[in-house]
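Each position in the sequence shown, counted from 1, maps to that position plus 375 in the numbering used here.
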Amino acid sequence: MTKKAINRVQEFLTIIDDGKVYQIVNVELLLRRHPPDAVIAFLKELQSDYKKELSKLIKIDRTDSRINELVAKSFRIKMAINTIKNYDKGVKDAA
Numbered sequence: 376m377t378k379k380a381i382n383r384v385q386e387f388l389t390i391i392d393d394g395k396v397y398q399i400v401n402v403e404l405l406l407r408r409h410p411p412d413a414v415i416a417f418l419k420e421l422q423s424d425y426k427k428e429l430s431k432l433i434k435i436d437r438t439d440s441r442i443n444e445l446v447a448k449s450f451r452i453k454m455a456i457n458t459i460k461n462y463d464k465g466v467k468d469a470a
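Here it is, written out as structure tokens:
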């Protein structure tokens, strides 16, 4: 993947809150060391873990603020996965 594409994916996986930067995952390292399919599989597993935790929280207390965080993280991971897939598809279509 190009540096620009990796940065686009990382933007979805980076949260800035009160001036603090938090990375859900450092996807740049992953994409440099592993093929996109392996990174997507890892992100899907992480997303699955967040969904399980979300399900537990909803059963316990629907007003818990951690629900918002888990929903946001899950959505950001989904967008990162889609970005990697779209890049990969674009490269294959160009070939």
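Cβ coordinates follow ideal geometry from the N, Cα and C atoms, glycine included.
{"Check": "Where T377 falls, given that 16 or more other Cβ within 10 Å makes a residue buried", "Outcome": "exposed"}
{"Check": "Rounded C-alpha distance that separates I459 from K379", "Outcome": "12 Å"}
{"Check": "Euclidean distance between Cα positions of E386 and D392", "Outcome": "14 Å"}
{"Check": "Segment limits, beta strand (DSSP E) that includes V396", "Outcome": "395-398"}
{"Check": "C-alpha gap between I452 and D436, whole angstroms", "Outcome": "24 Å"}
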